[in-house]
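Asker: Going by my numbering, the sequence shown opens with residue 1016, and the numbers climb by one from there.
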Amino acid sequence: MAKVGDTVDSDVTDGDVMNLVPSWKRQVGVSAAVLPGDLVDAVAVDEVLGVPVATPVGDQTWLGLGGAGLRAAGMDGAIGSTLACPVSGGGVALLYGTGAASAADARTLRDAGAALAAAASGYGRLALIVPDPAPGPDGSSLSAESAAQALVEGVLLARYRYPVLKRPEPEPALESLVLLTTEDRLEQVASGAERGRVLARTQSLARDLATCPPSIMTAEAFADIAQRLAADCGLAVEVFDRAALRRLGCGGLLGVNAGSTDEPRMVKVRYSPAGGSGPEAGTLALVGKGIMYDSGGISLKPSDAVHATMKNDMTGAGSILAAMTALAALDCRTAVTSWLMCTDNMPSGSATKLGDVLTIRGGATVEVLNTDAEGRLVMADALVLATEEPCDAIVDIATLTGASMRALGAEIAGLFGNDQPLIDQVLAAARRTDEPCWQLPLARRYRAELDSDVADIKNMGGPNGGAIHAALFLEEFVAGRPWAHIDIAGPAQNDSPKSWRPRGCTGFGARLLTELALDFSKP
């Protein structure tokens, strides 16, 4: 396996750690333009033109195709359906299904855009016509801005690749995406397309961070990238090494790091709105689990397929860092501070042992009964630090428990919290981004199962309700502040591609947290 400093790593970074996050360095040109009167004129020789087809399928007279012929060829207008048609003079028209016009929403158009992008994977230039959704049963319809945003997100996220460690592939990278619309909708479409570009870049960055192998994406490398991103995005950043963490008394992070040859890092990132936040905007604290690789420590994980995905155990921290990069670009009015707790979790002669007691920032003691329940230990330090500064709410995100995945499957995050208005805001952001969360009970009747005979609390409860135990543990460190906890152990990883979600690390949470910050209000 390549280590930092080996030949392959120097080839990868070429002296620049930002080469590990190609989604930031190589950005797709996204624009909007007026749709020509003759569709044939909209099809360039070396690009694909995406043409929306709703159900029921009508004629495409400009292609010489009737509705019956389209249906016979397999184009029924359903979300996910596509049909390539040659155009006189060269170029390809790719019909893409958008479902019933009256049922179109951001989720369906995002999926439609993803299907279009997948079908056009051999092309580096893509143009598409933005459909005009019809009013639904309640008389409302999706705005042109929202439609454009969803389509751009679907296309860009579906074409995501991580080419850093691969030889050049025959499939070209997407270079440009043009959204075509009527003149009266051009301004809205352009605005939505830009917002979609920023949000897609945000999630792609989170995917880069999680996908990079842990021998290269160490806590130190992550901190270096955070500093570079902060400089690009107008963020303030502080990096705390092992010595600084000792001075702060962050015994949770230091305890998890005890078996590692790599130093830990706590990365504190602050976003302050230009001109200050409004009186109603409030301040938000974000806490992310950044376990760069989780072997389980002394409680070693089985050597199985799940273990092989444990480079994604820093997705929480990666998604927060990515979200922070979007706030200035989207003119967020909420002040946001994040604490990203980064280390690997390794077994060695110096590793934390079962039965050891760690002292968290602030003095609380924790008896460690399972070193594979390490995420809550590093996050406890950060939660305490968050309460020491003014904030209206705290939201943490972590690949925390297999129990959450067992309960909700691999596509839905578990959501806990002590404040329903805040939880409702997270759920609303989850719906807007199609990063689904489901509220689970913060059942305090199980709190006694975390009682320890030798410390203030232990890091494991009984054999059942593991996701609840983890949430109850974290609640001990929020000092009564409004708080929500997002457990992304399931949706952080895909075994197979699903629409705009790739196989592998998904970057789940990056767009959700961005939307939460943009629309945050004091609970």
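All residues carry an ideal CB built from backbone N, CA and C; glycine is no exception.
Taking DSSP as the reference, what is the three-state secondary structure of THR1349?
Answerer: THR1349: coil per DSSP, three-state reduction.
Asker: Checking 9 Å against the spacing of the C-beta atoms, do ILE1501 and CYS1452 come in under that value?
Answerer: Yes, the Cβ-Cβ distance between ILE1501 and CYS1452 is below 9 Å.
Asker: Can you grab the Cα-Cα spacing for the pair MET1016 / ARG1257, in whole Å?
Answerer: Since pLDDT at MET1016 reaches only 31, below the 50 mark, its modelled position is unreliable, and the value read off the structure follows with that caveat. Going by the C-alpha atoms only, they are around 25 Å apart.
Asker: Could you tell me which residues DSSP pairs with MET1281 in its beta bridges?
Answerer: The partner list for MET1281 (beta bridge, DSSP) reads PHE1255 and MET1356.
Asker: When you compare each of GLY1364, PRO1436 and ALA1418 to GLY1429 by their alpha carbons, which one comes out closest?
Answerer: Looking at the Cα atoms, ALA1418 is the closest of the given residues.
Asker: Just the C-alpha distance for PHE1431 and SER1275, rounded to the nearest angstrom, thanks.
Answerer: Looking at the two C-alpha atoms, the distance is approximately 31 Å.
Asker: Give, in chain order, every unbroken run of the alpha helix (DSSP H) that is at least 4 residues long and sits entirely within the segment 1429-1498.
Answerer: DSSP runs (the alpha helix (DSSP H)) wholly in the segment 1429-1498: 1435-1448 and 1481-1490.
Asker: Is it the case that the Cβ atoms of LEU1131 and LEU1220 are separated by a distance below 9 Å?
Answerer: No, the pair does not count as a contact, with Cβ atoms beyond the cut-off.
Asker: Quick check on DSSP: helix, strand or coil for ASP1239?
Answerer: DSSP places ASP1239 in helix when its eight states are reduced to three.
Asker: So which of ALA1188, MET1361 and VAL1302 has the shortest CA-CA distance to PRO1229?
Answerer: Comparing Cα positions, the closest option is MET1361.
Asker: Which same chain residues end up closer than 6 Å to SER1117 when comparing Cβ atoms and leaving out the 5 residues on each side of it in sequence?
Answerer: Cβ within range, chain order: ALA1149 and GLY1151.
Asker: Given that a residue counts as buried once 16 or more other Cβ atoms are within 10 Å of its Cβ, and exposed if not, what is SER1536?
Answerer: Exposed: under 16 other Cβ atoms inside 10 Å.
Asker: ASP1029 to ASN1433, Cα distance in whole Å?
Answerer: The alpha-carbon atoms of ASP1029 and ASN1433 are separated by roughly 47 Å.
Asker: CB-CB under 7 Å to THR1070, same chain, minus the five flanking residues each way: which ones, in chain order?
Answerer: So the list reads ASP1091, GLY1092, ALA1093, GLY1114 and ALA1115, once near-sequence residues are dropped.
Asker: Give the DSSP-derived three-state secondary structure of ASN1509 in the structure shown.
Answerer: Note: ASN1509 maps to strand in three-state DSSP.
Asker: Using DSSP with H/G/I as helix, E/B as strand and the rest coil, what is GLN1075?
Answerer: GLN1075 falls in the strand class under three-state DSSP.
Asker: Quick test of your reading: THR1367 and GLY1270, contact by CB under 8 Å. State the CB separation rounded to the nearest angstrom.
Answerer: About 5 Å separates the two Cβ atoms, so the contact holds.
Asker: Look up LEU1109 in the DSSP assignment and give the residues it is bridged to.
Answerer: LEU1109 pairs with GLY1065 and ALA1099.
Asker: How would you write the range of the alpha helix (DSSP H) that MET1394 sits in, first residue to last?
Answerer: Start and end: 1390-1402.
Asker: Beta strand (DSSP E) containing ILE1306: first to last residue?
Answerer: Unbroken beta strand (DSSP E) run through ILE1306: 1298-1309.
Asker: Return the CA-CA distance between PHE1492 and VAL1032, expressed in angstroms with no decimal places.
Answerer: About 34 Å.
Asker: Here's the rule: buried if 16 or more other CB atoms are within 10 angstroms of the residue's CB, otherwise exposed. What is LEU1400?
Answerer: Answer is buried; the Cβ neighbour count reaches 16.
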